[in-house]
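Residue numbers (the numbering used here): 15 to 600.
Note that CB positions come from ideal geometry on N, CA and C, so glycine has one too.
Right, one structure below, let's go through it.
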Amino acid sequence: MILLAGLFLLLTAFKADKSLPTIYMIGDSTMANKVLDGGNPERGWGQMLPGCLSEEIRVDNHAVNGRSSKSFIDEGRWDTVLALLQPGDYLFIQFGHNDEKADPKRHTDANGGSFDANLRRFVTEARSKGAIPVLFNSIVRRNFGSADAQAVAEAVMQDDIRRGVNPDAKREAQAEAEPEKGDKLIDTHGAYLDSPRNVAQELNVPFVDMNKLTHDLVEGMGPEASKQLFMWVPAGKVAAMPKGREDNTHLNIFGARRVASLTIDAIAREVPALAPYVRHYDYVVAKDGSGDFFTVQEAIDAVPDFRKHHRTTIRVRKGEYDEKVVIPASKINLSLIGDEGAILTHADYAKKQNLFGEEMGTSGSATCYIYAPDFYVEGLTFRNSAGAVGQAVACFIDADRAFFKQCRFLGFQDTLYTYGKEVRNYFEECYIEGTVDFIFGWSTAVFNRCHIHSLGKGYVTAPSTDQGQRFGYLFYDCQLTAAEGLEGQVYLSRPWRPYAQAVFVRCALGNHIHPAGWHNWNKPDAEKSVFYAEYQSTGQGATTKQRASFSRQLKSLKGMEMETALAGNDGWNPLQQGNALLQIKR
């Protein structure tokens, strides 16, 4: 049973370790990853690309600020990437901004010259390694107004200014700048836009016209609104650039996410093999700066209140997010999608003191509070890391129609608190662990094909079902396992309140389950009012000879179907409808 439990954990908590195809990226600062020091809001579109792709493909971004195709080669950076390429990998190539510069260390010639030759080299050498090259031209500079040669030259030169538009600090960047004249963008790249297209056609390489994509985006927003995409930062707002910055070349977080999202769709059209990897989310949370936010709470706070007709989707990328998260009732129709290794964790516990010197209590100890109806979460781990210190909740749920798929709930005592009255929760293929009463509360909750793991002696559930409530806890086809040395030391349930309900249907029970199965919590009167039942239990802990007299062995599941338990008055059926929204008039 222990070996089976370990295998279950391996299969459900983590994806198989296999070699993933990799997208290697080479280019300049508009593509490159940026340092995050001092709250730096600059991002390259390549830095944000992983948030637009599934976990089944990897992104390795080698683009570097200030590099041209020539300097990238001369500095040995191309040789490094070439050595990494494997058959089936992809190589995204985007140069141009710095090839235009007069600097002899970077300058190349377009129109069939050295720029084209370098692009051909990248393509042919990548193909020699079995990789698939894709060519891109440069994103647009936000250059509204004059088309004269001097204005274009100044726009090109500004690419290299990293500490504000005025390196001699004659003035600081302003919160309110004079708007540029004209509402049409003026091209600053010239023939350097054509070379990638021409080489792609010549060598039969997929080509993505990022200049057109970004031109349409920026010009469509207009001279003022388009500043939201670029590094326009007022003085005194960001520690990394105290004098501010007025930058029409480099993208900020919002701009890089918009550009990455547009670009990935164009990539999927040009390279259909990549289309299955494409993902779109309203927000991405990432600790490495590849998302809209660094914390889950920031993303939740950004969700519009009472967005009735659409789901708002938030992706949480891999990492441990040590924060106390609250999902308010106004953030309806919210979906959280966790990458493998995305963990929401905190270490509060009932006897810990709050800032007023009072004990937090069980309800105050939770890592995450969920109040919003029609909440959906997939692949996320909820953990209370306080340890074996008494009550310490990982997830507190007071939300109707909450759907948890392939999530993990980690803790010791009181791990999962189904707090809400007259609400329904559905758990599918989840892993829940703990010691004492680690699934407890008032709600109607259905657990379908879940793994319930006891870390110590105690009680799996402690329902507090209200009198007259039709359903409490219903476990279907679940596996119950335990740590070593707990033979016969764990009960399926004890009644927190006198009308507690818990039913286990076709569940595999390990030898840690006490022969009596059920405990009355030293409340003899509760034996008359609880509804504790099993149907076709299997495993070493399923023997019925010594089962508690107040429990039942069901002969039929009529009226006990999962769909029936969850239907309520609105017909909610996540088993068939998934996370589809119900049209409910409030």
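- Taking the CA atoms as reference points, Q100 sits about 9 Å from A140.
- Inclusion of F129 and S85 in the CB contact set at 8 Å is not warranted, their separation being larger than that value.
- Under the rule that a run must span 3 or more residues, the beta strand (DSSP E) segments found entirely inside the segment 513–594 read 515–519, 545–549 and 565–567.
- At a Cβ-Cβ threshold of 8 Å, Y38 and D113 do not count as neighbours.
- DSSP, reduced to helix, strand and coil, places Y206 within a helical segment of the structure shown.
- In its chain, beyond the 5 residues on either side, C66, L67 and S68 have a beta carbon closer than 7 Å to the beta carbon of R293.
- Taken atom to atom, the span from the alpha-carbon of T327 to that of V437 is near 22 Å.
- Judged by pairs of C-beta atoms under 8 Å, the segment 307–325 does not touch the segment 270–288, as fewer than three such pairs exist.
- Per DSSP, Q61 lies in no beta strand (DSSP E); the unbroken alpha helix (DSSP H) holding it starts and ends at W59 to M62.
- In the three-state reduction of the DSSP assignment, G393 falls in the coil class, being assigned neither a helical nor a strand state.
- A540 sits close to P512, with the two beta carbons spaced by under 8 Å.
- Its Cα nearest to that of P318, the residue A386 stands out among A386, A280, G352 and D279.
- In this structure N439 is not in contact with A408, their Cβ atoms being roughly 14 Å apart against a cut-off of 8 Å.
- With fewer than 16 neighbouring CB atoms inside 10 Å of its own CB, R484 falls in the exposed class.
- When beta bridges are read from the DSSP output, C409 appears opposite C382 and L430.
- Of D88, G434, F418 and R155, the smallest CA-CA separation from S377 is found for G434.
- Distance from the Cα of Q367 is smallest, within the candidate group I267, P509, H76 and S379, for S379.
- When the beta-carbon positions are compared, V78 and R57 stay at least 8 Å from each other.
- With respect to the 8 Å criterion, L488 and V450 are not classified as neighbours on the basis of their beta carbons.
- C-alpha of T94 to C-alpha of G553: approximately 55 Å in a straight line.
- Per DSSP, the continuous alpha helix (DSSP H) segment holding M235 begins and ends at M224 to A239.
- Straight-line spacing of the CA atoms in R134 and N266 works out to 31 Å.
- If you look at E312, you'll find it in the alpha helix (DSSP H) that goes V310 to A316.
- A contact between stretches requires three or more CB pairs, one per stretch, nearer than 8 Å, and the segment 202–221 fails this requirement with the segment 239–250.
- For E447, the enclosing beta strand (DSSP E) begins and ends at Y445 to G455.
- A residue is called buried once 16 or more other Cβ atoms fall within 10 Å of its Cβ, and L580 is buried on that count.
- Per the DSSP secondary-structure output, Q108 pairs in a beta bridge with G41 and F150.
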